[in-house]
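Some notes on the structure that comes next.
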Amino acid sequence: MITRHQMLKLSGGAAGTLILPACSANSLPLTASGIRELTQQPPGSPLGLATSLKQEYTYQAVVEGKIPQELRGTLYRNGPGLFERNGVRKRSLLDGDGMVQAYHIRNDNVEYRNRFTRTAKFIEEEASGEFRYGGWTTQAPGGVFSNLFASGIKNQAGVSVVRKNNRLYAFDES
Numbered sequence: 326m327i328t329r330h331q332m333l334k335l336s337g338g339a340a341g342t343l344i345l346p347a348c349s350a351n352s353l354p355l356t357a358s359g360i361r362e363l364t365q366q367p368p369g370s371p372l373g374l375a376t377s378l379k380q381e382y383t384y385q386a387v388v389e390g391k392i393p394q395e396l397r398g399t400l401y402r403n404g405p406g407l408f409e410r411n412g413v414r415k416r417s418l419l420d421g422d423g424m425v426q427a428y429h430i431r432n433d434n435v436e437y438r439n440r441f442t443r444t445a446k447f448i449e450e451e452a453s454g455e456f457r458y459g460g461w462t463t464q465a466p467g468g469v470f471s472n473l474f475a476s477g478i479k480n481q482a483g484v485s486v487v488r489k490n491n492r493l494y495a496f497d498e499s
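What follows is the structure, encoded as structure tokens:
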């Protein structure tokens, strides 16, 4: 049985698709042809910032110059890192799965390490090999009506990072 809340969502979504059909079509995930078009952007295009890192790395970075003696410790950065799966691409920088990057600075060495944030969403989609959930600007697969009954945006944990009690926590805004 459909609930009142679901009926309101369905009615509002149906009205929206009749009034603004272009809006719903422009938020669908990109296909292979759309990816080719996206990758042929001119240099400096903001779309070029959304480049997927398909694997995790750990390596000693090459340091040019000298690191100041006072600069020691670890810098953590969190942001989107994965935008493509199985020929489908997210439409925006905001929709990429979270990736924490760590720069460990010791003596004259810098070690770089990146790891995808292991949210329930990431683990499920990684196992299936495809995107199953929408993001801030990209709909989930299945079209407009499938998205009306979706449970909302899943946490990508790609905005901030906090270290507490020797554990690293990644957060999102959703």
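The opening residue of the sequence shown carries number 326 in the numbering used here; numbering runs sequentially from there.
We treat Cβ as the ideally placed atom computed from N, Cα and C, and that holds for glycine.
This one's a predicted model, so the numbers in the text were calculated from it and none came from an experiment.
{"query": "Spatial neighbours of Gly398 within its chain, please: C-beta separation below 7 angstroms, excluding the five flanking residues on both sides.", "result": "Ile430"}
{"query": "Answer with buried or exposed for Val387, where buried requires no fewer than 16 other C-beta atoms within 10 angstroms of its C-beta.", "result": "exposed"}
{"query": "Give the straight-line distance between the Cα atoms of Val484 and Trp461, rounded to the nearest whole angstrom.", "result": "13 angstroms"}
{"query": "DSSP three-state label for Cys348, please.", "result": "Reliability of the predicted coordinates at Cys348 is poor, the pLDDT of 44 falling under 50, and the value obtained from them is presented with this limitation in mind. Note: Cys348 maps to helix in three-state DSSP."}
{"query": "Just grab the DSSP bridge partners of Ser485 for me.", "result": "Phe496"}
{"query": "With respect to the alpha helix (DSSP H) encompassing Gly468, which residues constitute its N-terminal and C-terminal limits?", "result": "468 to 473"}
{"query": "If Glu552 sits next to Arg457, beta carbons under 8 angstroms apart, how far is it from one beta carbon to the other, in whole angstroms?", "result": "Within the shown structure, residues of the chain are numbered from 326 to 499, placing residue 552 beyond reach of any answer."}
{"query": "On a Cα-Cα basis, can you pick out the residue from Tyr428, Asn472, Tyr401, Tyr384 that is closest to Phe496?", "result": "Tyr401"}
{"query": "Quick check on DSSP: helix, strand or coil for Thr328?", "result": "coil"}
{"query": "Please look up how many angstroms separate the CB atoms of Met424 and Leu378, rounded, as I've assumed it's under 8 angstroms.", "result": "6 angstroms"}
{"query": "Exposed or buried, which one is Leu407 when buried takes at least 16 other CB atoms within 10 Å?", "result": "buried"}
{"query": "Would you call Asn490 buried or exposed, if buried means 16 or more other Cβ atoms sit within 10 Å of its Cβ?", "result": "exposed"}
{"query": "DSSP has Ala445 in a bridge; who is on the other side?", "result": "DSSP, once it has assigned bridges, lists no residue as partnering Ala445."}
{"query": "Checking 8 angstroms against the spacing of the C-beta atoms, do Gln481 and Asp422 come in under that value?", "result": "yes"}
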